[in-house]
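**Student:** After the structure tokens below, expect a handful of questions from me.
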Amino acid sequence: MDERTCDCTLENITGDSACSIANGRTMAISGVEVDFSGTSCANPCVTVTVRGRSVQMSLEDAVAMLW
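Numbering (our numbering) for the sequence shown: 9 to 75.
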């Protein structure tokens, strides 16, 4: 396994108790911001911002991109 060092900031991330996914606030990992404010059990997507450009993607794709 590759070892990686990341700068990580979590901003009051909250979770949805119905499906155990994050659904509020933001997380930043090495310059990549992940915004969970629009995430829900029915909409398991996040907004990802890199270098000022934002895209919506599934949580599964976002995790794959970050790791």
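For every residue, glycine included, the Cβ atom is placed at its ideal position computed from N, Cα and C.
Check each candidate in E19, T13 and S28 and name the one with the smallest Cα separation from L67.
**Tutor:** For this step, residue 67 is matched to residue 59 along the sequence shown. For the residues E19, T13 and S28, the minimum Cα distance to L67 belongs to S28.
**Student:** Got a sec? Which residues, its chain only, sit under 6 Å from E19 by beta carbon, not counting five neighbours each side?
**Tutor:** The count along the sequence shown starts at 1 and reaches residue 19 at position 11. These residues qualify, in order along the chain: R33 and T34.
**Student:** Is E71 buried or exposed, if buried means 16 or more other CB atoms sit within 10 Å of its CB?
**Tutor:** Reading the sequence shown from its first residue, position 63 is the one you call residue 71. This sequence places Val at residue 71; Glu is not what is there. With a threshold of 16 other beta carbon atoms within 10 Å, V71 falls short and is exposed.
**Student:** Looking only at C-alpha atoms, which of R12, R59, T17 and D24 sits nearest to N51?
**Tutor:** As a first step, residue 51 is located in the sequence shown; it is residue number 43 there, counting from the start. Residue D24 is the option with its Cα nearest to N51.
**Student:** In angstroms with no decimal places, state the Cα-to-Cα distance between A26 and V56.
**Tutor:** Numbered from 1 along the sequence shown, position 18 holds the residue referred to as residue 26. Numbered from 1 along the sequence shown, position 48 holds the residue referred to as residue 56. C-alpha separation (whole angstroms): 23 Å.
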